[in-house]
Every structure is written in C-alpha cells, then in structure tokens.
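Written below as structure tokens is the structure these notes are about.
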Amino acid sequence: MTTRKKVLWGVGGALIVVYCLFPIAWIVSVSFKAPSDLANRSFLPTALTWENYRLILTGGASDLFLPALRNSFAICLIATAISCLLAMFAAYAIARLDFPGKKLILSTALVVAIFPVISIVTPLFNLWRQIGLYDTWPGLIIPYLSLTLPISIWTMSAFFREIPWELEQAAQVDGATTWQAFRRVIVPLAAPGVFTTAIIAFFIAWNDFIYGISLTSTEAARPVPAALGLFTGASQFEEPTGAISAAAVIVTIPVVVLVLLFQRRIVAGLTNGAVKG
Amino acid sequence: MSTTTLPPTKKTAPVSAPKGTTSDRARSERKLAWLLAGPAFLVMLLVTAYPILQATYESLFDYRLTDPDNRSFVGLGNYGVILSDPLWWQSIGITAFITAVTVLVELVLGFALALVMVKALRALRPILRAAILIPYAVITVVSAFAWQFAFDINSGFVNSWFTWLPGVAADTDWFGDRWTSLLVICLAEIWKTTPFISLLLLAGLAQVPEVLQEAAKVDGATRWQRMWRVTIPNMKAAIMVALLFRTLDAFRVFDTIFIMTNGANGTESVSFLAYRQTIARLEIGLGSAVSVLLFLAVVLIAFVFIKGFKVDLAQARGE
Amino acid sequence: MASIEMKNIVKQYGDGFAAVNDVSLDIADGEFMILVGPSGSGKSTLLRMIVGLEDITSGDMMIGGKRVNDLAPRDRNLSMVFQNYALYPHMTVYENIAFPLRLSKTSDDEVRRRVTAASDVLELNDHLERKPANLSGGQRQRVAMGRAIVRQAEAFLFDEPLSNLDAKLRGQMRTEISRLQRRLGITTVYVTHDQTEAMTLGDRVCVLRKGKIQQVASPRELYEQPINLFVAGFIGSPPMNFLPATPEGDRLKTPFGDVRIDPARAGKLGGHDLLMVGIRPEYFEDASLVDEAKRHLGSTFRARVDVTEWLGDSQFAYIPYEAPEAITTQLRALSRELDAEELRTQAIVSIDSTSRIREGREAEFWLDSRKVHVFDPETGDNLTRDAEAGAELTRMATQDRVEQVQESQDRASADGHRMGGATAASA
Numbered sequence: 000m001t002t003r004k005k006v007l008w009g010v011g012g013a014l015i016v017v018y019c020l021f022p023i024a025w026i027v028s029v030s031f032k033a034p035s036d037l038a039n040r041s042f043l044p045t046a047l048t049w050e051n052y053r054l055i056l057t058g059g060a061s062d063l064f065l066p067a068l069r070n071s072f073a074i075c076l077i078a079t080a081i082s083c084l085l086a087m088f089a090a091y092a093i094a095r096l097d098f099p100g101k102k103l104i105l106s107t108a109l110v111v112a113i114f115p116v117i118s119i120v121t122p123l124f125n126l127w128r129q130i131g132l133y134d135t136w137p138g139l140i141i142p143y144l145s146l147t148l149p150i151s152i153w154t155m156s157a158f159f160r161e162i163p164w165e166l167e168q169a170a171q172v173d174g175a176t177t178w179q180a181f182r183r184v185i186v187p188l189a190a191p192g193v194f195t196t197a198i199i200a201f202f203i204a205w206n207d208f209i210y211g212i213s214l215t216s217t218e219a220a221r222p223v224p225a226a227l228g229l230f231t232g233a234s235q236f237e238e239p240t241g242a243i244s245a246a247a248v249i250v251t252i253p254v255v256v257l258v259l260l261f262q263r264r265i266v267a268g269l270t271n272g273a274v275k276g
Numbered sequence: 000m001s002t003t004t005l006p007p008t009k010k011t012a013p014v015s016a017p018k019g020t021t022s023d024r025a026r027s028e029r030k031l032a033w034l035l036a037g038p039a040f041l042v043m044l045l046v047t048a049y050p051i052l053q054a055t056y057e058s059l060f061d062y063r064l065t066d067p068d069n070r071s072f073v074g075l076g077n078y079g080v081i082l083s084d085p086l087w088w089q090s091i092g093i094t095a096f097i098t099a100v101t102v103l104v105e106l107v108l109g110f111a112l113a114l115v116m117v118k119a120l121r122a123l124r125p126i127l128r129a130a131i132l133i134p135y136a137v138i139t140v141v142s143a144f145a146w147q148f149a150f151d152i153n154s155g156f157v158n159s160w161f162t163w164l165p166g167v168a169a170d171t172d173w174f175g176d177r178w179t180s181l182l183v184i185c186l187a188e189i190w191k192t193t194p195f196i197s198l199l200l201l202a203g204l205a206q207v208p209e210v211l212q213e214a215a216k217v218d219g220a221t222r223w224q225r226m227w228r229v230t231i232p233n234m235k236a237a238i239m240v241a242l243l244f245r246t247l248d249a250f251r252v253f254d255t256i257f258i259m260t261n262g263a264n265g266t267e268s269v270s271f272l273a274y275r276q277t278i279a280r281l282e283i284g285l286g287s288a289v290s291v292l293l294f295l296a297v298v299l300i301a302f303v304f305i306k307g308f309k310v311d312l313a314q315a316r317g318e
Numbered sequence: 000m001a002s003i004e005m006k007n008i009v010k011q012y013g014d015g016f017a018a019v020n021d022v023s024l025d026i027a028d029g030e031f032m033i034l035v036g037p038s039g040s041g042k043s044t045l046l047r048m049i050v051g052l053e054d055i056t057s058g059d060m061m062i063g064g065k066r067v068n069d070l071a072p073r074d075r076n077l078s079m080v081f082q083n084y085a086l087y088p089h090m091t092v093y094e095n096i097a098f099p100l101r102l103s104k105t106s107d108d109e110v111r112r113r114v115t116a117a118s119d120v121l122e123l124n125d126h127l128e129r130k131p132a133n134l135s136g137g138q139r140q141r142v143a144m145g146r147a148i149v150r151q152a153e154a155f156l157f158d159e160p161l162s163n164l165d166a167k168l169r170g171q172m173r174t175e176i177s178r179l180q181r182r183l184g185i186t187t188v189y190v191t192h193d194q195t196e197a198m199t200l201g202d203r204v205c206v207l208r209k210g211k212i213q214q215v216a217s218p219r220e221l222y223e224q225p226i227n228l229f230v231a232g233f234i235g236s237p238p239m240n241f242l243p244a245t246p247e248g249d250r251l252k253t254p255f256g257d258v259r260i261d262p263a264r265a266g267k268l269g270g271h272d273l274l275m276v277g278i279r280p281e282y283f284e285d286a287s288l289v290d291e292a293k294r295h296l297g298s299t300f301r302a303r304v305d306v307t308e309w310l311g312d313s314q315f316a317y318i319p320y321e322a323p324e325a326i327t328t329q330l331r332a333l334s335r336e337l338d339a340e341e342l343r344t345q346a347i348v349s350i351d352s353t354s355r356i357r358e359g360r361e362a363e364f365w366l367d368s369r370k371v372h373v374f375d376p377e378t379g380d381n382l383t384r385d386a387e388a389g390a391e392l393t394r395m396a397t398q399d400r401v402e403q404v405q406e407s408q409d410r411a412s413a414d415g416h417r418m419g420g421a422t423a424a425s426a
C-alpha cells in the first residue's frame with residue numbers, strides 16, 4: 000500500500016470512530032450540563048457540574064433510579080445465567096451428539112429470535128396479572144429467556160462445534176478418567192465460548208425496553224431502560240434532560256467496559272452465531 | 000475463535016460415532032441428547048408458543064381489562080375492525096418505511112465500514128472494533144435519548160450547527176412534523192444497528208479468498224469490477240443473512256419511537272400500536288389481534304426471504 | 000512392553016455391517032507391525048479397538064497376556080499418536096508432553112526430568128513454552144511423539160501420523176520413528192495407507208481389505224509372494240501390471256506376446272481358460288539394453304509406447320493394450336477398491352534411464368518371465384505363489400529385527416544418560 004492509501008484508510012478509520020462515539024460523547028456532555036446550560040444549544044457544557052449525577056444517585060430521583068439499576072443488574076444476570084446454563088447443555092448435544100431434532104432445535108431458536116416481542120407481551124401482561132407475576136423479578140426473567148436463550152443456543156453451538164472433541168479420547172489414552180478428560184481438556188476449551196455467549200446474552204437482556212415498561216409498574220421490578228423512559232423532572236417545571244443523560248451514562252458504563260475488555264471475543268461470538276451458527 | 004491443531008474438515012463430524020453405531024448406543028445417545036437439549040427447547044416453546052396461542056385465543060374476544068364482565072366472543076371481528084382502520088394501515092406504512100430506509104442505508108454504510116475495517120492498518124483494527132461495538136452494545140433507549148436531545152428544539156446542538164443547511168433554522172422543530180420525526184428516528188436506528196450489519200459483512204468479506212482478487216486482477220478487472228463481480232457475489236450468503244436479521248429486527252421498531260415521539264404526529268409503528276392497545280388502553284382483544292397480525296407479518300417476511308431470496312442459513316454457516 | 004494378541008476380533012455395527020471381521024493377529028514383543036489397507040478396510044477401527052476407544056463386538060484382545068476387552072483406555076497403558084496429533088491447544092508444549100505424567104500424579108522433578116529427556120530426543124527444547132497453534136506441522140508431530148514416549152507405555156500406537164506432513168518432512172519423520180522404535184524396542188502398531196511407510200517401517204505388514212486380513216508377512220514377502228490380486232495390486236508403486244492371458248502348454252498368450260513359464264508353475268494353472276498375469280514394472284526392460292546372457296530367461300515383444308517419463312535415475316513407459324471385457328471389469332473393480340484413479344488398460348514399464356525409446360514409436364521390450372505371477376481372475380488367488388519361499392523371507396526379516404533391536408539398545412545404553420527418561424521407558 001502506498002502512503003497516500005494508508006492515510007486515506009486511516010482517515011476512513013478515524014471517521015468511523017467519530018461516527019460511533021459522537022452520540023455517546025454528546026450524551027456525556029449533556030449529563031455534565033447545569034440546568035441553566037441545557038438550553039444554550041452548544042455541544043459542550045460551559046461549566047462541568049456533577050449536579051445531574053447527584054440528583055439520580057443521592058438526590059430526588061435516586062429512589063427512582065437506584066432500585067431500577069439494582070433490578071436491571073439482578074434480572075439481567077439471572078436471566079443470562081439461566082439461559083447460558085440451558086444453552087450449554089443444548090449446545091453440547093447439538094455439537095457433540097448425533098440425534099434427530101438437531102435441526103428442529105436450531106430452527107426453533109431462530110423462530111424465537113425473530114419473534115416480535117410485542118406479540119409475547121400482550122398475553123403475558125394479562126396472564127402475569129392473573130397469577131401474580133406482574134411487577135416481579137421472575138415476571139421479567141421468564142420473558143427475558145425468549146430474548147437470551149435463542150442467541151445463546153446459536154452462539155454456543157457455533158463455539159462448541161470448533162472444539163476438537165477428539166482430544167477427549169486422546170486424554171483418555173493418556174490415562175485420564177472420563178471426568179478428568181472433561182475437566183482438564185474440554186472445560187478449558189469450552190469456557191471462552193460460554194463466557195462470550197454470556198456477554199452477548201447480557202447485552203440483549205440489558206437492552207430490553209418493551210418487557211420492562213409493559214410488565215412492571217413500580218420500583219419492585221422496573222429495570223433501568225423502562226425507568227428512563229418514564230423519567231420526569233425533579234419538578235414539574237424542569238425538563239429531566241440532565242438527569243436522564245446522567246442515568247444513560249451510568250447504564251452505558253458496564254457495556255462499554257465489557258466491550259473494551261472483550262471486543263475480540265464479542266465480534267467472534269456475534270459473527271459465529273449468525274454466519275456460522 | 001479457539002485455535003485448534005486439527006484440520007477444519009474434521010470439525011463437524013462427531014469423532015466418537017462413526018456412521019452406524021450399534022442401535023443401542025444410538026438410542027441412548029438420542030435419549031441423552033434430548034435430555035440435555037430438552038429443557039432449553041421446552042423453555043423456548045413455553046415463552047413463545049404459549050403466549051402467541053394465548054394471544055390468538057384472546058384476539059377472538061371483545062375484551063377490555065377495565066370492563067372484564069363484558070367479555071364476549073366476536074370471532075374474527077377484531078381483525079375486521081383493525082383491517083378496516085386507517086390507523087393500522089398507517090402504522091404498517093410507517094413500519095415498512097422505517098424498515099426499508101434503515102436497512103438500505105445500513106447495508107451500504109455497513110459495507111463501507113467493513114471495507115475500511117479490512118483495509119485499515121493492523122494497529123488500528125482493535126480500536127475500530129471496539130468503537131464499532133459501542134453503538135451495538137449501547138441500550139436503544141439511551142441512543143434514542145442522545146439523538147432526541149441532539150435534535151431537540153431547546154437543548155439540541157443540531158439547530159445551531161446546521162443552520163447553513165436549507166430547511167434548518169434555529170427554531171426548526173424536528174419532532175413537530177411526521178417526516179422530520181421519522182428522519183431522526185431513522186438516523187438513531189441506523190446509528191445503533193449499522194455496526195451489527197458491518198460485522199456480519201466483515202465476516203463475509205473474510206470468507207472471500209484473497210487469491211480470487213489476485214486472479215481477477217490478472218484477468219484485468221478494475222477495482223470496481225472486482226468488487227461487483229468477485230467480492231459481492233461470493234459474500235452473497237453473508238449479505239442475505241445480515242439483511243434477513245436486520246429486516247426482521249427493524250420491522251419490530253418500538254423503543255426509539257416510544258422515546259422520541261411517543262407515537263405522535265403519525266409516527267406509530269405496528270409494535271407501538273399493539274402496545275398502546277394492550278398496555279395503555281387495556282383493550283386486550285384488539286391488542287392481541289394486532290400482535291397476531293404483526294407476528295404473521297414477520298413470518299411472512301421471513302418466508303419471503305428464505306423462499307424467495309433463497310437465503311440458505313445452512314449454506315451461510317458453511318456446511 | 001508387551002505382546003499384543005488378537006483372537007477372532009469382530010467389530011459389528013448396529014446395521015450388521017462388520018468393520019472388522021474375524022481378525023486374528025499376534026504381534027510379538029518389540030515388533031513393529033503395520034496395518035495397511037485402502038480406506039474402509041477397518042485398519043483404524045482395529046487400532047482403536049487395541050487402544051480401547053472402540054468397543055469389541057466379539058473376540059479376545061490380549062495385551063501382555065492379559066485380556067483387556069473390558070478395560071478403559073487409561074487402564075491399558077498404551078500411548079497413541081493421532082492422525083491430527085490431538086494436541087491440547089490450551090497447554091504449552093511442555094504441559095502437552097507432561098500431561099500423561101500429570102494424570103498419573105508423577106512428582107514435578109520426575110516430570111521435568113522425563114519431559115526434558117523426551118524433548119532432547121525430539122529436539123523440541125526451543126519450543127517447550129510455546130502453544131501448539133504456533134508450531135509448524137512437523138513440530139506438532141514431534142510434540143505428539145513426545146507425549147507418547149514420555150511414559151512407560153506397553154506399546155505405541157500410530158494412526159496415520161505422517162499423513163498431514165509434506166513429502167520431505169514425511170521422509171524425515173519416517174526415519175525418526177524407525178530409529179526411535181528400534182532404540183526403545185517397544186511394540187508398535189502403525190496404521191497407514193502409505194506404501195513407502197508400510198514397506199520401510201514394518202517388521203511385518205498386515206494387509207486388510209473390508210475388515211479381513213489378506214496377508215501378514217514381511218514387506219519383502221508381500222512384494223515377492225503376494226497371496227492374491229488385491230495384495231499384489233496394493234503393494235508396490237507404480238503398481239503391478241495385470242495382463243489378460245490364455246494358457247497354452249507352458250506358455251501364456253498375452254497382448255505382449257507369449258510368455259513361457261517353468262513347468263512347476265505351469266502345472267498349477269490347469270483348468271483355467273482365462274488368466275491374469277501380474278508383472279511388476281521393473282520386470283520389463285528395453286530389449287536393446289538387456290545382456291545377451293540374460294536374454295533367454297525372458298521373452299521379447301514389440302509394442303507402441305504412448306508416453307514416457309524420464310526421472311533421472313529411472314524411466315517409465317506407458318504401453319496401452321487391449322483386454323477382454325471380463326478382465327477390464329475386474330481391473331476396474333480392483334482400482335476402485337484401492338482408491339486408485341480409473342486405470343486405462345495400459346502397462347507401466349520401468350526401463351533403464353539411458354534407454355532411447357521414444358513416445359509414439361514402436362519399440363522392443365524384454366520381459367523377465369521368471370518373476371511373473373499368475374492369478375485366477377475370478378477368485379483373485381495367486382496360482383503361482385511359493386508359500387515356502389515367502390515364509391523364508393519373513394523368517395529372515397524376523398531374525399534381522401531381533402539383531403537390530405539388540406544392537407540399537409546396546410548402542411543406546413552405551414551412550415546412556417543422554418537418553419534419560421526415554422531409556423527408562425525401554426527398561
């Protein structure tokens with residue numbers, strides 16, 4: 000490549016970075032604006048203020064935001080754990096064992112993945128009210144499985160297919176028991192796939208909005224996205240823009256950290272599941 | 000991807016079972032497989048098949064949650080009401096519009112991003128990869144807020160930055176009109192989901208062997224011809240898979256509309272209509288009917304893609 | 000170290016297909032046995048039954064005099080080199096080699112001593128801290144070998160260990176394996192479909208076809224006294240030529256003229272109208288280059304040469320011929336079974352590299368009729384096999400082996416300590 004080409008592609012790369020980060024930079028900027036600063040229509044705040052963060056973490060909006068944050072973490076982690084556990088067994092069967100119905104399970108996962116969430120919400124809304132799951136953690140965890148389980152099965156099967164299962168036999172010839180072969184050879188090879196799948200499943204659960212606003216009504220179970228959508232200002236006369244931005248920044252931090260730490264794995268997981276599944 | 004020392008050809012074949020194991024062993028293997036995969040399969044059915052059946056059933060009733068005593072069977076009456084209501088057709092139109100615009104733009108933009116990722120210096124790649132994952136990982140609601148605030152008539156910077164553009168003034172109210180609202184909605188959707196498409200296309204690009212490019216060069220193809228006649232035909236499977244997933248995803252658009260306009264100015268999508276009927280107005284019967292219709296629409300799209308465009312998922316998976 | 004005995008071993012699958020069918024084979028202590036055959040012959044299945052990765056349907060598998068049918072692989076104490084090496088990608092080279100020792104809870108000091116000894120032998124010292132993914136094919140192969148020799152196994156099993164290497168490396172590793180086996184004097188079973196490996200490595204070679212043993216013999220016996228058409232066609236490269244022939248007294252009428260064979264052998268051919276003559280390429284020669292003294296031992300014929308291949312040290316000529324339908328059908332079936340290309344009915348003839356025979360011309364060839372074999376085209380049996388002479392060849396090979404093993408072990412213990420753990424394995 001000539002230097003000119005290098006520079007051109009470099010500029011292209013820089014444009015991508017700007018494109019990807021600009022809205023995030025903007026919302027971070029808004030979150031540091033004082034209320035008086037909000038209407039000045041400039042990109043950056045004139046003075047940095049922690050006021051918005053104080054408002055949602057310790058101030059007036061904290062009893063709305065903090066429980067939501069706790070709900071989000073707990074519900075998403077539990078839903079991720081359950082779907083990874085279920086998917087792990089299913090993916091092992093799909094990758095390793097020979098049985099009719101393999102295709103059926105994978106196609107079912109595909110159908111569930113493209114299912115319009117709103118079509119599930121409507122009947123659940125009614126049913127949850129009748130059996131008392133409305134506005135509870137399990138009331139969200141169960142429908143979250145419809146989001147996380149299919150992608151977990153696809154992604155993990157793709158990962159497990161890459162495991163050289165012959166190694167299990169090699170280990171047995173080397174003197175390992177079935178359990179030792181599994182524990183010392185298969186688990187270390189399967190773990191990265193399970194871990195990556197968990198991250199992707201967590202992203203998807205974390206992103207949910209429809210279930211959150213439809214199946215909850217109070218701080219008992221309402222997750223952050225839903226709480227954000229229903230935010231109102233500290234007083235009637237104040238726009239909640241600053242507080243929303245601060246809350247938005249806080250819920251974005253965990254996913255950004257995960258992305259920075261595990262970007263290579265996440266890309267492999269996303270493309271594996273979809274293209275190679 | 001995990002590195003293995005085995006050649007790729009062996010990967011899919013389960014090593015332990017050469018063709019035709021004893022029927023006993025095959026049977027016990029089948030049993031074990033269903034024992035392992037069964038729970039996941041059941042859960043998937045429970046959380047989708049059951050609700051959609053329930054919704055189908057409830058769609059046959061005139062049933063309002065605020066007035067449960069007056070529940071009555073109306074057969075397909077709800078569907079009649081919906082299909083003769085211009086609001087339904089409007090929401091279908093809006094949904095189709097958003098889907099078409101976002102998917103088309105994303106495909107072109109995503110391809111450009113993928114090309115830059117391929118060509119960029121090795122050292123830059125991790126940075127690009129991390130950057131591109133951020134829109135994907137950010138919550139849709141957050142992205143919607145960011146774009147809304149940017150275009151907001153009071154707090155946004157867009158109006159002050161882009162006054163030089165025709166039609167943009169300091170007091171342009173982007174959310175006061177249907178088409179400008181839709182423009183911002185589409186922008187937010189495109190920003191959020193292009194990375195996913197570009198990653199799929201990147202994987203597709205990687206599957207086109209470099210030697211084909213060289214062969215085409217020797218055969219005298221220009222850069223443009225190589226792109227259209229060698230690269231794109233060979234990544235057709237990846238393109239179609241990306242298109243299928245994104246179309247179905249876009250057709251369910253809800254979060255961004257909820258945050259930005261709350262369905263005002265005729266920006267209601269089908270998902271939003273169903274939500275408003277059920278959750279806000281507690282019209283369970285009507286809402287269920289909309290849900291069922293949306294489900295059928297999604298199935299139809301998937302069917303058209305898989306049969307009409309011959310998206311072969313198995314082929315895309317390289318089997 | 001132990002002998003391996005197989006008695007009437009059968010591997011039958013659920014659908015009744017027998018991958019291994021009534022195989023009885025004794026492998027002596029310290030012997031290098033090759034299992035060879037085309038794909039689907041059951042050679043790998045047999046190996047996997049020895050190591051315990053495949054259930055035995057019926058028959059007895061004895062290792063060191065002990066019946067092991069029901070023992071798990073880890074209780075059989077065998078080491079195996081897999082076709083794809085089966086290196087553990089998450090472990091370093093060192094840990095890969097040490098893995099069997101770790102499983103048997105060997106002390107760290109002992110592990111280090113034995114791994115170092117093995118890596119000395121295999122010249123892996125520079126790579127011990129690397130992961131398998133960063134190694135070349137040949138290095139991976141040696142790591143797999145290291146894992147096999149690091150512990151005191153009863154026997155080594157190899158499953159086509161060189162098939163993923165390029166030709167040059169394959170040659171190097173072949174001599175490496177041979178040297179190692181002689182030095183350790185350890186019983187070895189080696190599965191391959193490669194001619195050269197089978198002929199050069201094995202003390203004895205077991206030729207399998209569709210799950211059945213065809214012939215077990217020294218490479219030389221297989222080559223000179225094949226038991227049937229299959230073995231004759233399988234062993235040797237380029238392969239043996241098969242020509243149609245009709246007997247007439249002590250002569251055989253072939254497309255390349257009459258071939259006279261000695262009365263003793265001619266006597267065995269009675270009662271057949273149509274025969275197949277098997278002639279190895281090197282039994283032919285450019286007639287103009289044959290010694291007068293030798294000339295009368297064979298016959299000469301004229302034929303048109305289609306193609307010649309000059310290789311420097313040797314030269315091949317291809318001579319097309321006509322054959323009756325019965326013969327071509329048989330030959331086509333045979334080449335299919337041997338995984339070979341569909342053969343045209345042409346003879347491959349080895350001639351001296353100085354020969355001036357040219358393509359497209361007619362030339363005169365000489366054929367050494369003493370060494371031809373005659374086969375029954377229907378059953379494939381070799382009608383002219385001299386069992387006595389064959390057995391003698393194998394006896395000689397066995398004697399050679401005993402001496403070689405003795406010598407190389409003497410040498411090994413002479414330059415003693417350098418071998419460390421690997422000699423311990425042979426003790």
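Chains as they are written, first to last, in numbering that gives the first Met the number 0: chain A, 0 to 276; chain B, 0 to 318; chain C, 0 to 426. We put the beta carbon where it would ideally sit given N, CA and C, even for glycine.
Is it true that the CB of residue j sits closer than 8 Å to the CB of residue i?
i, j, result
"Ile-131/B", "Leu-112/B", "yes"
"Val-206/C", "Val-35/C", "yes"
"Gly-277/C", "Ala-325/C", "no"
"Tyr-320/C", "Ala-339/C", "no"
"Ala-67/A", "Pro-222/A", "yes"
"Phe-81/C", "Ala-204/A", "no"
Answer with yes or no whether the minimum CB distance from residue i to chain A is below 8 Å.
i, result
"Leu-273/C", "no"
"Ala-85/C", "yes"
"Leu-5/B", "Low local confidence applies: a pLDDT of 34 at Leu-5/B is under 50, so the model's placement there is unreliable, with the coordinate-based value given in what follows. It does; some Cβ of chain A falls within 8 Å."
"Pro-85/B", "no"
"Lys-216/B", "no"
"Tyr-78/B", "no"
For residue i, would you say it is in contact with chain C, using Cβ-to-Cβ distances shorter than 8 Å as the test?
i, result
"Val-172/A", "yes"
"Glu-165/A", "yes"
"Thr-195/A", "no"
"Thr-176/A", "yes"
"Ser-234/A", "Any reading at Ser-234/A needs caution, since the residue's pLDDT is 45, under 50, leaving its predicted position unreliable; the model's value is listed next. No, no contact with chain C."
"Leu-188/A", "yes"
Which partner residues does residue i have in the DSSP bridge list?
i, result
"Gln-11/C", "Ala-17/C"
"Ile-185/C", "Paired residues: none, contrary to the question."
Alpha carbon to alpha carbon, what distance is there between residue j and residue i?
i, j, result
"Leu-84/A", "Pro-134/B", "28 Å"
"Glu-28/B", "Arg-182/A", "21 Å"
"Arg-173/C", "Ile-96/C", "20 Å"
"Asn-261/B", "Val-183/B", "13 Å"
"Phe-172/A", "Lys-118/B", "The amino acid at residue 172/A is misidentified as Phe; the sequence shows Val. So the two alpha carbons sit approximately 46 Å from each other."
"Thr-150/B", "Gly-12/A", "In the sequence on display, residue 150/B carries Phe and not Thr. Roughly 26 Å separates the two Cα atoms."
Notebook entry, point to check: Of all the beta strand (DSSP E) runs that stay within the bounds of the region 42-105 of chain C, which reach a length of 3 or more residues?
Noted result: Unbroken beta strand (DSSP E) stretches of 3 residues or longer found wholly inside the region 42-105 of chain C: 57-62 and 78-80, given in chain order.
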